[in-house]
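Chemist: Here it is, the structure in full.
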Amino acid sequence: MPSFDPASLAPAQIADLRRKLEAADCHPPAHACTLGELAEAIVEFRRREGIAGRGVLDEATLQRLDEVSGATFQDVFRDELRLLRPEPDAALDAGLPSRAHKAGLVGLALSGGGVRSATFGLGVLQALAANGLLRHLDYLSTVSGGGFIGGWLSKCIHEQGGDVRKVEEMLAQGSGNAGGAAEAPSIRFLRQYSNYLSPRGGMFSADTWTLIGTYVRNTGLNLTMLVAWLCALLLLPRAAVWAVHRIVDAGGPWAVYADLAWIAGVLLFLCAVFCIALSISSKPSGSRGRRRFPLSQGAVLWWINLPLLLAGFLGSLGLWRHGGETPFWEWSALPAQLQGRAHWLLAPGFVYFVVWACGWYLAHDRTSVYRRAGYTFCTAAFIAVLAVLCAAARAFAPETIVRFMARESYDYLVNGLLALCVVLVMLALVLGVVPRLLQPHPPPPDLTRTEVVEGVSHLACALGALGIGTILLLAGLSLLPNPNTHPVLNNAIALTTFGMPLMMALFAGTMTLMIGLIGRMYSDASREWWSRQGAWTWIFALAWVSMFGVTFFLAPLLHWAWLTQNPWSHIGTALGWLAMTWFGLKAGSGNRTGMSGAGNHPADSRFDPHLDLVARLAPYVFTAGVFALLSALVQTVVAPPQLDCPAPVSFTCVYAAHTGATLATSGPRLAWAFVGFLSAALLLGWRVDINKFSLYMLYRNRLVRAYFGASSRARKPHPFTGFDPGDDPLLADLKQQRPCHIINTSLNLVGGEELAWRTRKAASFTFTPHYCGFELPAGSLGSAALAGAQSSDAARGCYRPTGAYGSRSGAGADDDAGVRLGMAVAVSGAAASPNMGAHSSPPLNFLMTMFNVRLGRWCPNPRKAAWRQSSPPVGLFSLLAELFGLTNADATYVYLSDGGHFDNLGIYELIRRRCRLIIAVDVASDGRLAFEDLGNAIRKVGTDLHVRIDLDVSRLAQLGGDGLCGASCAVGTVRYSQVDQGGVDGTLLYLKPSIVGKENADLLNYRKVHPAYPHESSVDQWFDETQFESYRALGQYVGNCALDGASAAARKQDGGLDVGALCVELARRHGGAVQAQRCADVRAGWR
């Protein structure tokens, strides 16, 4: 392969090459402008990919780099423009905003709303066809239910060989404007399957029982997987108690290891102290060199909180045997206490401040000539600490030490460490004195005055913590109950459950008193550090207590309730639990697409706050019940209790029986139970495809049959099931047709770390015939997403070719790999999902995952190497991410759900592509006319794309008490000119299902019979013939009212469309004189 000459690459190509190297994780220089500056990163990429050959850059390297790095939105939009508006002479680095504005793009957005949105959208499409506008659409952006009919339209165009004019003629024939022409077969098919989930309803219908059977089968498999994993998780506390019982029991086989537990706890505590000193003394951008300790939250959790937790757990085991000793406040006994405890308590305390001081000194690189002396002295201090600890361990646990080393050898070890410490101290003195003697002028001191003051404050903090902690620890030991007098509550279970949290409470109390006593001497930054560290310590401690409490206390409580209550109480409790669970499921799956639960009630419905409260509490009640049942199941499997309680049965007796059975459990039984549960979970996670065994496939298959089967010209359904695999084409096969279909989904970021998105918890993820992927908003985007090639784009997202994305399936899998039209549309309509953007909550995640209410799909992350895989190889881990709300954009597989969880209107991607005219059809259930979807879209467009939208919807508001509206459409302005230099403002035609009183008699009659019309709940996905026709006819009526006559005024002599003239005409008709004049000025200025 020929190598490239660096002079042949344009600056834009160098910038693009830098971005691709960054996406490939090769860390190129941030401001590299030449190929030479990128050479090191290119060589690293070639080495990692195993590319042979000479030269820095060749064709093989470029091809592989393209495959690995993916495309940015700039690349995606450039390819779309090349298809929609071919310009052979357009330069590679031509400004995309300018080209987009010049192109005059027209986009149609069909919002979410289930089958209601699809049916209303069909009427709008018929109105567009009757006015000759369908052929002029460049983009079709769909969300959820709008994707049903949008996919139907794309499939119809595909069946006609990409000729949109034939489809336009077909829709115009059935629009009512063609002189009584017969309705097209594809539309008649939609009528037949308006009840698309179960076309033949009824209690004894095969369709109904197929839905029930499929749900029960899939839920059973997923529930078995989750139950097995949760049972394995609940066995871990039992394994800990099993080990602790053998350590703390005086006659236990591992009693000698209690001393080792204490020693290990002391070492871990000192390690945490050293890291605390490093972290709290380091500065993010200090002037004295780079920091020596990572300051991130993850580093603090791993190097400080985790050692502290382990030290608290192990230390509690060592302290257990000292309960009930003489109280520390009896001063006559204090000398004896200190003498007996000096080796195991005060010796580690004395070295505490030495470790702290060394950590504080090493927090930064030292730059003076004294730094070598300082480092050597710190090394000597660490060795001295080790020698003191070894001596204390020998005095504290001689029996344990003898097991590992002879006494004489141990003495040699301690003496050798002390000798080495002396040598290092002398060396440090030499290194500190010699520079002062050799240089004519005394060098500057290694410590500044500020650092000395800071060091004294931290040392005072350490000494204060030592004194306060010693007193509190002695007090805690004296207050421990005697195991002989409290056999039920004072055992290994109580020690394991509460020992570590109590030690952490002791540490927290020590630091609180210490910070208060030091007062003003301590800096605000240090106090904030301790506050945040304490917060995480309490989080872990509470999680620990919750997990052990669920494991050991819920099972006896449930058992006691079962023995003491009558059967009717059992039945009532179970029915109440199931009823609350049902309310929770209904609340979770009943939220309409992209909106809050409050907006789910039509204007004439009465909102019951009590039922709402029950629905909000239901996930918590369900979670508590599930863990109680799982705890009882695990107890029965590994430690069935033997009850011998006199009547009336007390909880203490039942708990004692459970405790005795738990402590008597054998190790092999625990191990085999753990292996069995975990193996079952992993086996099912491997064999059960997490995407296929959910509601997603059930929903997708029926959606494809109803909407895409309607447009198949040579459909060959299976005679028994009625499904035809040929109904669902590959999305990449639609690449050459217009309009370009953008299928909007939501990338869930429930577990993400971006604080600005803590409310939305989602981002836009799109499927188009060309590319699939996402690009998160930049901090300061402007039009850089269109005009600039920024290296930061690589970290914000990536797009992959649709034909290759998700095209590989595992061995033995079916042939469903690849992105199909039905797959993308079904994901776009996944309204009921455990993770659903802003509507996500931890208890609701748990409830919906357990009951397999999962319409979303796990897809490969375009930024990861596994982007060609169709599904996770082991679905268990993805299912757990759903269960606990851990979805983010950095995992190997991302969770996609309803596009309405981000933008239910569908205009976000159209504005991103700078469409001149956007026709937005908002069919969300909005009986209160709050325009929540519109407001949400305007906010996100303004925040992410910095484009302002001016739209007055006051004419759409209801008038009087008859529920009639003043209009069904409005026209607004999209302020592109405020973002793009020389940009042209766009026009937004906003259509809303509304009854204005001038509709045909059948629609007004349907409104009287069904007062919620045309904003009936999206939960209703079972339309009948009357409902279908009422929404279709209303969509056609609203579309005709908005467009009739306007298209004729904008028609060119050659049959083309003057988009600017159409915008002016629409503004004149529906936006008022000011709006019309504004559009006219924009059109005149652009011309």
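2335 is the number that the working numbering gives to position 1044 of the sequence shown; each next residue is one higher, with no gaps. Ideal placement from N, C-alpha and C gives every residue a C-beta, glycine not left out. Note that this is a predicted model, so its numbers are computed, not measured.
Just the C-alpha distance for residue 2337 and residue 1397, rounded to the nearest angstrom, thanks.
Modeler: Taking the straight line joining both Cα atoms gives about 15 Å.
Chemist: Would you decide whether residue 1350 is buried or exposed? Buried here means 16 or more other CB atoms lie within 10 Å of its CB.
Modeler: When all chains shown are included, residue 1350 counts as exposed.
Chemist: Along the chain, where does the beta strand (DSSP E) containing residue 1433 start, and where does it finish?
Modeler: Its beta strand (DSSP E) spans residues 1430–1434.
Chemist: If I follow the unbroken beta strand (DSSP E) through residue 2089, where does it start and stop?
Modeler: Residue 2089 -> beta strand (DSSP E) spans 2088–2092.
Chemist: Indicate the three-state DSSP secondary structure (helix, strand or coil) for residue 2111 in the structure shown.
Modeler: Residue 2111 falls in the strand class under three-state DSSP.
Chemist: Please name the residue in 1451, 2007 and 2261 whose C-alpha comes closest to that of residue 2222.
Modeler: Out of 1451, 2007 and 2261, 2261 has the C-alpha closest to the C-alpha of residue 2222.
Chemist: Quick check on this structure: which residue in 2001, 2028 and 2025 has the alpha carbon closest to the alpha carbon of residue 2018?
Modeler: The option with the nearest alpha carbon to residue 2018 is 2001.
Chemist: Would residue 2295 be called buried (16 or more neighbouring beta carbons within 10 Å of its own) or exposed?
Modeler: That one is exposed.
Chemist: Name the residue from 2347, 2281 and 2292 whose alpha carbon lies nearest to the alpha carbon of residue 2333.
Modeler: Looking at the Cα atoms, 2281 is the closest of the given residues.
Chemist: State the Cα-Cα distance for the pair residue 1831 and residue 2124, rounded to the nearest angstrom.
Modeler: Rounded to whole angstroms, residue 1831 to residue 2124 spans 28 Å at the Cα level.
Chemist: Do you know offhand how far residue 1238's Cα is from residue 1975's?
Modeler: With the chain represented from 1292 up to 2378, any question about residue 1238 goes unanswered, as that position is not in the structure.
Chemist: By Cβ distance below 8 Å, which residues in the same chain neighbour residue 1414 in space, the five residues on each side in sequence not counted?
Modeler: Here the set comprises 2322, 2323, 2324, 2325, 2326, 2327, 2328, 2329 and 2330.
Chemist: How about residue 1876 and residue 1516: are their beta carbons less than 8 Å apart?
Modeler: Their beta carbons are not under 8 Å apart, which means residue 1876 does not touch residue 1516 by this criterion.
Chemist: How should residue 2299 be labelled, buried or exposed, when 16 other C-beta atoms within 10 angstroms of its C-beta is the threshold for buried?
Modeler: Exposed is the call here.
Chemist: Taking DSSP as the reference, what is the three-state secondary structure of residue 2213?
Modeler: Note: residue 2213 maps to coil in three-state DSSP.
Chemist: Does the separation of the CB atoms of residue 2341 and residue 2348 fall below 8 Å?
Modeler: Yes, the pair counts as a contact, with Cβ atoms nearer than the cut-off.
Chemist: Could you round the C-beta distance between residue 2195 and residue 1556 to whole angstroms and report it? I think they count as a contact, below 8 Å.
Modeler: About 54 Å; that fails the 8 Å criterion.
Chemist: Answer with buried or exposed for residue 1318, where buried requires no fewer than 16 other C-beta atoms within 10 angstroms of its C-beta.
Modeler: Residue 1318 comes out exposed.
Chemist: Starting from residue 1970, trace the beta strand (DSSP E) in both directions and tell me its first and last residue.
Modeler: Taken as a continuous stretch (DSSP letters only), residue 1970 belongs to no beta strand (DSSP E), being part of the alpha helix (DSSP H) at 1958–1978.
Chemist: As a quick exercise: from 1401, 2109, 2237 and 1801, pick the residue whose alpha carbon is nearest that of residue 1762.
Modeler: Ranking 1401, 2109, 2237 and 1801 by Cα distance to residue 1762 puts 1801 first.
Chemist: Secondary structure at residue 1324, three-state DSSP: helix, strand or coil?
Modeler: It is coil, neither helix nor strand.
Chemist: Note down the Cα distance separating residue 1437 from residue 1997, rounded to an integer number of angstroms.
Modeler: Taking the straight line joining both Cα atoms gives about 14 Å.
Chemist: Inspect the CB distances between the stretch 2049–2059 and the stretch 2190–2210 and report whether three or more fall short of 8 Å.
Modeler: Counting Cβ pairs under 8 Å, three or more are found: they touch.
Chemist: Would you identify the three-state DSSP class for residue 2178, choosing helix, strand or coil?
Modeler: The answer is coil: DSSP assigns residue 2178 none of H, G, I, E or B.
Chemist: Have a look at residue 1336 and residue 2037 and give me their C-alpha separation to the nearest angstrom.
Modeler: Distance between the alpha carbons of residue 1336 and residue 2037: 32 Å.
Chemist: Pull the bridge partners of residue 2063 from the DSSP assignment, please.
Modeler: Its beta-bridge partners are 2058 and 2091.
Chemist: Over what stretch of residues does the alpha helix (DSSP H) that includes residue 2331 continue unbroken?
Modeler: Residues 2316–2334.
Chemist: Got a sec, what are the start and stop residues for the alpha helix (DSSP H) residue 1406 sits in?
Modeler: Note, residue 1406: alpha helix (DSSP H), 1405–1421.
Chemist: What's the call for residue 1703, buried or exposed, on a 16-neighbour Cβ count within 10 Å?
Modeler: The residue is exposed, with fewer than 16 neighbouring Cβ atoms inside 10 Å.
Chemist: What are the start and end residues of the alpha helix (DSSP H) that includes residue 1352?
Modeler: 1350–1360 is the span of the alpha helix (DSSP H), which, as asked, contains residue 1352.
Chemist: Which of the three DSSP states, helix, strand or coil, is assigned to residue 1513?
Modeler: Residue 1513 falls in the helix class under three-state DSSP.
Chemist: Using only CA atoms, which one of 1535, 2110, 2353 and 1953 lies nearest to residue 2026?
Modeler: Residue 2110 is the option with its Cα nearest to residue 2026.
Chemist: Which of the three DSSP states, helix, strand or coil, is assigned to residue 2263?
Modeler: Here residue 2263 sits in strand by DSSP.
Chemist: Given this structure, state the Cα-to-Cα distance separating residue 1596 from residue 1607, to the nearest angstrom.
Modeler: For residue 1596 and residue 1607, the distance between alpha carbons rounds to 16 Å.
Chemist: What's the C-alpha gap between residue 1787 and residue 1353?
Modeler: Distance between the alpha carbons of residue 1787 and residue 1353: 58 Å.
Chemist: What number of angstroms, rounded off, separates the C-alpha of residue 2242 from the C-alpha of residue 2264?
Modeler: Straight-line Cα distance between these residues: approximately 7 Å.
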